[in-house]
Amino acid sequence: QSVLTQPPSASGTPGQRVTISCSGSSSNIGSNYVYWYQQLPGTAPKLLIYSNNLRPSGVPDRFSGSKSGTSASLAISGLRSEDEADYYCAAWDDSLSGPVFGGGTKLTVL
Amino acid sequence: EVQLVESGGGLIKPGGSLRLSCAASGFIFTNAWMTWVRQAPGKGLEWVGRIKSKSDGGTRDYAAPVKGRFTISRDDSKNTLYLQMNSLKTEDTAVYYCTTDNSGVINRAEWDHWGQGTLVTVSS
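Quick mapping for you: the protein sequence lines, in order, are chains F and W. Counting from 1, one number per residue, gives the positions in the first sequence under this note's numbering. Counting from 1, one number per residue, gives the positions in the second sequence under this note's numbering.
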């Protein structure tokens with residue numbers, strides 16, 4: 001059981017916009033930055049969004065993050081086949097004194 | 001270019017010990033905070049622990065499931081991070097990734113460089 005809650009799956013067709021939610025509590029998302037990681041099949045995770053809504057160099061602006069209260073979202077616009085991957089949210093948890101993850105969302109591009 | 005290369009994984013019996021290494025290059029390792037993250041087969045990501053730079057105290061933090069059994073250390077002269085795993089359990093079976101950690105004054109779940117991972121299988 002993950003501390004952060006994500007839907008196990010999401011899907012969309014090429015060109016569509018999809019969003020993935022991440023729900024937490026006041027001790028994690030509510031008081032700390034949210035991060036998103038993309039894990040393509042058979043590869044290591046990659047930092048996709050940091051500090052709630054910032055993109056590392058090289059990440060397309062099709063990817064965007066937002067946070068409100070104790071929830072966060074990752075939006076992917078102009079969906080492409082290469083976006084098919086697992087997506088994880090993460091945040092520091094003040095009560096646990098460590099970072100916590102969501103269970104991951106498997107994105108399928110139909 | 002930042003590179004992190006893990007090694008040392010393998011098959012080990014329950015109760016056994018294993019030491020993982022992570023060779024770092026392409027950045028000033030001495031100044032870096034480093035983290036281990038693991039992923040059980042077909043499962044999600046799990047934080048294992050981190051070590052701060054020596055200039056920031058060199059302290060270590062661990063996740064509850066591994067505290068007292070795992071030890072993170074570093075050899076700055078060799079640009080290498082280690083994970084000593086003792087009293088291994090079947091539930092420790094996972095791919096172990098080393099990562100750079102962007103925490104500092106503010107604690108973050110921000111790991112911007114990852115190794116390719118090394119698989120540890122704990123089974124009799």
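Note that CB positions come from ideal geometry on N, CA and C, so glycine has one too. All values derive from a computational prediction rather than experimental measurement.
Take residue i as the anchor and find which of the options has the nearest alpha-carbon.
i, options, result
"N107/W", "S27/F, S23/F and Q1/F", "S27/F"
"S21/W", "L83/W, G115/W, V122/W and L119/W", "L83/W"
"V66/W", "Q3/W, G42/W and M85/W", "M85/W"
"A63/W", "S68/F, S95/F and T70/F", "S95/F"
"V105/W", "L18/W, G9/W and K52/W", "K52/W"
"G57/W", "G68/W, L45/W and S73/W", "S73/W"
"T43/F", "S123/W, G10/W and G117/W", "G117/W"
"G192/W", "G68/W, N31/W and L119/W", "This structure does not reach residue 192/W, given that chain W is present from 1 up to 124, and the question cannot be answered."
Apart from the five residues on each side of it in sequence, which residues of its chain come closer than 6 Å, Cβ to Cβ, to residue i?
i, result
"Y35/F", "Y50 and A90"
"L81/W", "C22, M34, R74 and C98"
"I20/F", "A10, L74, Y87 and T105"
"L110/F", "S11 and T13"
"G103/F", "S2 and Q6"
"N31/W", "S53"
"G10/W", "none"
Could you pull out every residue in the same chain whose Cβ sits closer than 7 Å to the Cβ of residue i, ignoring the five residues on either side in sequence?
i, result
"E1/W", "G26"
"G115/W", "L4, V5, E6, C22, Y97 and C98"
"D61/W", "G49 and R50"
"E84/F", "L107, T108 and V109"
"L48/F", "W36, Y37, Q38, V59 and F63"
"S124/W", "K13 and P14"
"T59/W", "K52"
"G69/F", "G30"
Do the CB positions of residue i and residue j come within less than 9 Å of each other?
i, j, result
"A24/W", "N102/W", "no"
"G132/W", "F70/W", "This structure leaves residue 132/W out entirely; chain W is present only between 1 and 124."
"S77/F", "S64/F", "yes"
"T121/W", "H113/W", "no"
"Y37/F", "K46/F", "yes"
"W33/W", "G98/F", "no"
"G24/F", "G30/F", "yes"
"P8/F", "T105/F", "yes"
"L18/W", "Q39/F", "no"
"K43/W", "D76/W", "no"
"C22/F", "S71/F", "yes"
Which residues in the same chain have their Cβ closer than 8 Å to the Cβ of residue i, if we skip the five residues on either side of it in sequence?
i, result
"D61/F", "R55"
"V18/F", "A10, S11, G12, A75, I76, L79 and L107"
"N53/F", "S64, G65, S66 and K67"
"F101/F", "S2, V3, L4, Y88, C89 and A90"
Following the continuous beta strand (DSSP E) through residue i, name the residue where it begins and the one where it ends.
i, result
"L4/W", "Q3 to S7"
"D76/W", "No beta strand (DSSP E) contains D76/W, which DSSP labels as neither H nor E."
"W47/W", "L45 to I51"
"L11/W", "G10 to I12"
"I20/F", "V18 to S23"
"T118/W", "T118 to V122"
"Q38/F", "V34 to Q39"
"V100/F", "G98 to F101"
"K39/W", "The amino acid at residue 39/W is misidentified as Lys; the sequence shows Gln. Looking at the DSSP string, the run of the beta strand (DSSP E) that includes Q39/W is W33 to Q39."
"S68/F", "F63 to S68"
Could you tell me which chain A residues have their CB closer than 9 Å to the CB of residue i, listed as they occur along the chain?
i, result
"W47/W", "Here chain A cannot be found, since the structure's protein chains are F and W."
Worksheet item: Does the pairing of the region 5–17 of chain W with the region 77–91 of chain W give three or more beta-carbon distances under 8 Å?
Response: yes
Worksheet item: Counting pairs of Cβ atoms below 8 Å between the region 30–47 of chain W and the region 92–99 of chain W, do you hit three or more?
Response: Between the region 30–47 of chain W and the region 92–99 of chain W, the count of Cβ pairs shorter than 8 Å is three or higher; the stretches touch.
Worksheet item: Should the region 101–121 of chain W be regarded as contacting the region 88–97 of chain F, the criterion being three or more beta carbon pairs within less than 8 Å?
Response: Segment contact: the region 101–121 of chain W against the region 88–97 of chain F, three or more CB-CB distances shorter than 8 Å; contact assigned.
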